[in-house]
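Heads up: the structure comes next, in structure tokens.
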Amino acid sequence: MESFALSFASMLLALAVVIGLAFFALRLLRDRLQPRAKPGAAAASDDALRFVRALPVGSKERVVIVEHRGARWMLGVSAGGISTIAHWPAAAPADRSSAGDGADAGRS
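For the sequence shown, numbering that gives the first Met the number 0 begins at 0 and goes up steadily by one.
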């Protein structure tokens with residue numbers, strides 16, 4: 000019976016070591032692939048790609064709008080790849096809201 004208890008305890012110890020190594024390895028990979036923004040570092044958030052909206056146009060095709068550094072991109076996404084449909088450069092917040100209102104008013 001002592002042999003069973005000793006082998007069970009060594010198995011639990013080995014399992015704890017493997018889980019601990021996996022935890023630290025995954026944490027290290029997460030930090031390297033997706034660094035956290037440090038306080039006061041606004042430039043890091045400007046580099047983020049922000050999803051705005053998607054519109055499906057087929058079973059696997061969709062039109063997607065993303066924003067990067069204030070500029071908006073309209074992309075066509077399909078099984079064959081991604082293509083640029085339109086690009087709007089970064090503008091002041093007042094210009095963006097007035098441009099959006101004018102575009103919607105012209106469609107009615």
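Backbone N, C-alpha and C fix where the C-beta goes; we use that ideal spot for every residue, glycine too. The structure displayed is predicted, hence computed values, not measured ones.
Practice item. Please state whether DSSP places A98 in a helix, a strand or coil. Key: Residue placement at A98 is poorly supported in this model, since its pLDDT is 49, which falls under 50; the coordinates still yield a value, given next. Assignment of A98 by DSSP, reduced to helix, strand and coil, places it in the helix class.
Review point. If you draw a straight line from the C-alpha of Q33 to the C-alpha of A89, how long is it?
Key: One C-alpha to the other measures close to 25 Å.
**Study point:** Rounded distance between the beta-carbons of W87 and R68, thought under 8 Å
**Key:** Contact flag wrong, Cβ pair sits at about 12 Å.
Review point. Secondary structure at A4, three-state DSSP: helix, strand or coil?
Key: Here A4 sits in helix by DSSP.
Practice item. Please classify G80: does DSSP put it in a helix, a strand, or coil? Key: Residue state, collapsed to three classes: strand.
Point to revise | Three-state class that DSSP yields for A47 in the structure shown | key: Reduced to three states, the DSSP call for A47 is coil.
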